[in-house]
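Colleague: First the structure, then my questions, so here it is.
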Amino acid sequence: MTTFSRRTFLSAGSAACVLAQPQMAQAAAPAISLPKDASRRDSATVMAVKTSTPVVAMTFDDGPHPSLTPKLLDMLKARNLRATFYLIGNRVVTWPDIVKRIADEGHEIGNHSWSHPNLAKHSNASVLSQIDRTTDAIYKVTGRPPVTFRPPYGSFTKRQRLMLYKERNLPTILWSVDPQDWRRPGASVVAKRILKHSRPGAIILSHDIQSGTVKAMPNTFDGLTARGLHFGTVSQMMGWPLWQKRNFRRVAQKKG
């Protein structure tokens, strides 16, 4: 297992703009919702970005999916748009060709854990194991590690977010727009919710393992573009270099 050191970039704390979102319960699995303490800004947590330019970050969680992710990539390529994909480690090793395509086409890849557990209930060692395994898997396919992390279900305490930032220099990326697409409300509803709530600097949560979400994307992409909004990766919106152009070097791993 390896970790990576990077030059100092813009502090996530100075970029973060905290926006409250409603939380809703789900019986079968943890609801996807913002942590209750996310309204208190800290250096490790980003929910939106203060920006003077009309840019948003489309983010897609839980992939790659063997058929839906390629369809989504085709849509993005046709429009020359960039997005950020928060990938699950065990899916990375299952569909490496799709992961490589994501990177090769200029999109950013973030860490979304190895097996999508509720990490708020895990020890530091277990959290770091989930994240490090995924980082290694992404590095082996793309030649570069992810530089941001998104917790499954949004379930990650402030203590854990600060721990991860200290131990792995990974900010936790949450969101400011949630169309609740995991509830499968239908493609038109997903698109309408995203279009209604997106503002410059928004980080938009969505899931490319949901067919309704992928069907919603043409109207979503075209609708946001018609409003004068541009698309950037999370790194770009935070003022960092494009993920594919950043320089990394291997260092001895810290003990977690």
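For the sequence shown, the residue numbers in mature numbering (1 follows the signal peptide of the UniProt record, and there is no 0) are -27 to -1, 1 to 229.
Glycine is no exception: its CB is placed at the ideal position from the N, C-alpha and C atoms.
Here the structure is a predicted model, which is why all the values come from computation and not from measurement.
Within a Cβ cutoff of 7 Å, which residues of the same chain sit near Asn220, ignoring the five residues on either side of it in sequence?
Modeller: none
Colleague: Could you tell me which uninterrupted alpha helix (DSSP H) segments, each at least 4 residues in length, are contained entirely in the segment 48 to 132, listed from first to last along the chain?
Modeller: As far as the segment 48 to 132 is concerned, its whole alpha helix (DSSP H) runs of at least 4 residues are 62 to 65, 69 to 77 and 97 to 115.
Colleague: Val29 and Met211: beta carbons closer than 8 Å?
Modeller: No. Outside cutoff.
Colleague: From which residue to which residue does the beta strand (DSSP E) around Ala30 run?
Modeller: Val28 to Asp34
Colleague: What residue from Arg117, Ala189, Pro118 and Gly36 has the CA that sits closest to Thr67's CA?
Modeller: Gly36
Colleague: Name the DSSP beta bridge partners of Leu178, please?
Modeller: Thr32
Colleague: Near Met136, what residues of its chain come up, given a Cβ to Cβ distance below 7 Å and the 5 sequence neighbours on each side ignored?
Modeller: Asn97
Colleague: Given that a residue counts as buried once 16 or more other Cβ atoms are within 10 Å of its Cβ, and exposed if not, what is Asp77?
Modeller: Counting the other CB atoms within 10 Å of its CB gives Asp77 a total below 16, which places it among the exposed residues.
Colleague: Cα separation between Met190 and Ala164?
Modeller: 7 Å
Colleague: Given that a residue counts as buried once 16 or more other Cβ atoms are within 10 Å of its Cβ, and exposed if not, what is Pro27?
Modeller: exposed
Colleague: Measure the alpha-carbon distance for Lys169 versus His180 and round it to whole angstroms.
Modeller: Going by the C-alpha atoms only, they are around 18 Å apart.
Colleague: In three-state terms, what does DSSP make of His170?
Modeller: helix
Colleague: Is Leu105 buried or exposed, if buried means 16 or more other CB atoms sit within 10 Å of its CB?
Modeller: Inspection of the sequence shows that residue 105 is occupied by Asp rather than by Leu. So Asp105 ends up on the buried side.
Colleague: Apart from the five residues just before and just after Trp216, which ones in its own chain have a Cβ nearer than 6 Å to its Cβ?
Modeller: Shown here for Trp216: same chain residues with a beta carbon closer than 6 Å to its own, the five before and five after excluded, namely Glu81 and Ser208 in chain order.
Colleague: Alpha carbon to alpha carbon, what distance is there between Pro90 and Arg55?
Modeller: 28 Å
Colleague: Rank Thr24, Leu7 and Ser6 by C-alpha distance to the C-alpha of Trp213 and give the top, closest one.
Modeller: Distance check between Trp213 and each of Thr24, Leu7 and Ser6 places Thr24 closest, using alpha-carbon atoms only.
Colleague: Looking only at C-alpha atoms, which of Gly174, Gly205 and Gly62 sits nearest to Val19?
Modeller: Among Gly174, Gly205 and Gly62, the Cα nearest to that of Val19 is on Gly174.
Colleague: Return the chain-ordered list of same chain residues with a C-beta closer than 8 Å to the C-beta of residue 251, the five sequence neighbours on each side being excluded.
Modeller: Shown here, the chain extends from -27 to 229; a query on residue 251 therefore has no answer.
Colleague: For Ser99 and Arg200, what's the separation of their Cα atoms in angstroms?
Modeller: 43 Å
Colleague: So the candidates are Phe58, Val72 and Asp15; which of them puts its Cα closest to the Cα of Thr206?
Modeller: Phe58
Colleague: If Ile167 and Val150 are in contact, beta carbons under 8 Å, what's the gap, nearest whole angstrom?
Modeller: 6 Å
Colleague: If you follow the alpha helix (DSSP H) that Thr193 is in, where does it begin and where does it stop?
Modeller: Ser184 to Ala199
Colleague: Does Asp47 pass the burial test, meaning 16 or more other C-beta atoms within 10 Å, or should it be called exposed?
Modeller: exposed
Colleague: Please go through the same chain and pick out, in chain order, the residues whose beta-carbon is closer than 7 Å to the beta-carbon of Asp195, but skip the five residues on each side of it.
Modeller: none
Colleague: For Ile146, which residues of its own chain have a beta-carbon under 6 Å away from its beta-carbon, when the five flanking residues on both sides are left out?
Modeller: So the qualifying residues of the chain are Val19, Thr121, Arg123 and Val207.
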